[in-house]
Amino acid sequence: MPELPEVETVARSIAPLVGRRIVAAEFRGLRVLRGGDPDAMAASLQGRRIDSIRRYGKFILVSLRGGGYLTIHLGMTGKLLLGGPSGKHTHAILTLDRGGVLLYDDSRQFGRLQYSTEFPPRIEKLGPEPLEVPFETFADALVRRKTRIKALLLNQDFLRGIGNIYADEALFRAGIHPLAMASRIRGERARCLHRAIAEVLREAIAAGGSSISDYVDAQGRKGFFQFSHRVYQRTGEPCVTCGTAIRRVLVAQRSSHFCPRCQKR
DNA sequence: ATCGGTACCTGCACGC
DNA sequence: TGCGTGCAGGTACCGA
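227 is the number of the first residue of the first sequence in my numbering; add one for each residue after it.
Listed below in structure tokens is the structure:
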């Protein structure tokens, strides 16, 4: 499901858990623990109070009182759900005080849950937040890279949180072809892309994200930004600006949707 | 140090 | 009805 706007929506929807205590933790699917020991992890979480819940790109970081972190990444199909019945793809169940339950569901198991005593190094290494990065930082990083702009936007060490949907949507709004070389985007075009990224992410957050297949927030609510997609998964449909059929190409092994007339290399 | 390609999973839509 | 194929919001890891 989840890119920055979806993860932001999920993080906000579990914000009421701040201040609550984890009474018990149970882990089923071990794949999402990535080799972590389920019993040790349960023991580390049990009895701990949640101090804060923060999003870093597509990661959710749950800080525990007295030190320690639970890092959650939703992968492609991960869901956090407040209450509700557990199912075939439920991999973790956190029981909270005052009767709360938080489930982690993930059919493809590309997501992961990790406990660490230190701030996670992977999060440390991420690029800046796309909604906060100053233009100069963004533009400087662009010219250094020897890759296609679409591949670069998907690279979490460049900017954190952009995925396939919002990369395509931002490039369309900026009028830039997904195969354009990053280092050749300068001046006004770079400024335009910087603005388009922030704009599309803000609009998507306001819409509660994009519900492509079954994405929902922790309260089971769907987003509705999918109705505002201009190119993503609109192959063959007319461009909203010029009417030309939207095309699909592979860039870095990912489907990329663009208007061949509006978006220049 | 960076880059592109592949592996990791399950489920669904499609054509035959 | 069933089977094979291709596709899907993700990252990690490998070799070049």
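Virtual Cβ for every residue (Gly too), placed ideally from N, Cα, C.
These figures come from a predicted structure and were not determined experimentally.
First and last residue of the uninterrupted beta strand (DSSP E) at residue i
| i | result |
| --- | --- |
| ILE248 | 248 to 253 |
| ALA318 | 316 to 322 |
| ASP277 | 276 to 282 |
| LYS305 | 304 to 308 |
| ILE286 | 285 to 290 |
| ILE472 | Neither: ILE472 is in no beta strand (DSSP E) and is coded neither H nor E. |
| SER342 | 338 to 342 |
Close beta carbons around residue i, own chain, < 6 Å, minus the five adjacent residues each side
| i | result |
| --- | --- |
| GLY401 | CYS488 and GLN489 |
| TYR341 | MET267, SER270 and LEU296 |
| ILE349 | TYR282 and PHE285 |
| THR343 | GLY294 |
| ILE480 | Per the sequence shown, residue 480 should be read as Arg rather than Ile. Excluding residues within five positions, the ones whose Cβ falls inside 6 Å are ASN390. |
Cut-off 7 Å between Cβ atoms - residues of its own chain near residue i, not counting five sequence neighbours on either side
| i | result |
| --- | --- |
| PRO264 | PHE253 and LEU256 |
| SER312 | ILE319 and LEU329 |
| PHE361 | ARG417 and HIS420 |
| ALA377 | VAL477 and ALA478 |
| HIS315 | ASP331, ASP332 and SER333 |
| ARG399 | ALA422, GLU425 and VAL426 |
| VAL457 | ASP394, GLU395, PHE398, ILE472, HIS483, PHE484 and CYS485 |
| SER239 | ASP443, ALA444 and GLN445 |
Environment of residue i [buried if 16+ CB atoms lie within 10 Å]
| i | result |
| --- | --- |
| ARG291 | exposed |
| LEU306 | buried |
| THR470 | exposed |
| GLY449 | buried |
| GLN382 | buried |
| LYS284 | buried |
| GLN440 | Inspection of the sequence shows that residue 440 is occupied by Asp rather than by Gln. It is exposed - the Cβ of ASP440 has fewer than 16 other Cβ atoms within 10 Å. |
| GLU234 | buried |
| VAL492 | No statement about residue 492 is possible, as the shown extent of the chain runs from 227 to 491 and does not include it. |
| CYS465 | buried |
| ALA432 | exposed |
| GLY413 | exposed |
| GLY434 | buried |
| PHE345 | exposed |
| GLU232 | buried |
Cβ distance (whole Å) where residue i is taken to contact residue j below 8 Å
| i | j | result |
| --- | --- | --- |
| ILE423 | ALA396 | 5 Å |
| ALA250 | ILE279 | Actually they do not touch by this definition, with Cβ atoms about 19 Å apart. |
| ARG246 | ILE276 | 6 Å |
| LEU379 | ALA393 | 4 Å |
| GLY492 | VAL442 | Outside the displayed span of the chain (227 to 491) sits residue 492, for which this structure offers no information. |
| ILE375 | PRO404 | 7 Å |
| ARG447 | THR461 | Not a contact, Cβ separation roughly 28 Å. |
Residue interval of the alpha helix (DSSP H) (run including residue i)
| i | result |
| --- | --- |
| ARG428 | 413 to 432 |
| VAL236 | 230 to 239 |
| TYR392 | 390 to 400 |
| THR363 | 361 to 370 |
| ARG348 | 347 to 350 |
| ASP331 | ASP331 -> not in any alpha helix (DSSP H); beta strand (DSSP E) instead, spanning 327 to 332. |
| ILE375 | 375 to 380 |
Pick from the options that is closest to residue i, judged by C-alpha positions
| i | options | result |
| --- | --- | --- |
| TYR330 | GLY413, PRO404, LEU300 and SER342 | LEU300 |
| THR297 | ILE286, GLY304 and THR303 | ILE286 |
| GLN335 | THR343, PHE345 and HIS317 | HIS317 |
| THR303 | VAL327, GLU358 and GLU229 | GLU229 |
| ARG491 | ILE411, GLN445, GLY262 and ALA241 | ILE411 |
| ALA408 | SER436, PHE364, GLY309 and ALA430 | PHE364 |
| GLU429 | GLU463, HIS455 and GLY326 | HIS455 |
| LEU322 | THR461, PRO242, ARG415 and LYS351 | PRO242 |
| GLY273 | GLY262, ARG415 and ILE248 | ILE248 |
| LEU352 | ARG386, SER289, VAL359 and VAL288 | ARG386 |
| LEU339 | GLY262, PRO347 and SER289 | GLY262 |
Beta-carbon proximity list for residue i, same chain, < 8 Å, skipping 5 on both sides
| i | result |
| --- | --- |
| VAL244 | ILE276, ASP277, SER278 and ILE279 |
| ILE438 | MET227, ILE391, GLN452 and GLN459 |
| CYS468 | CYS485, ARG487 and CYS488 |
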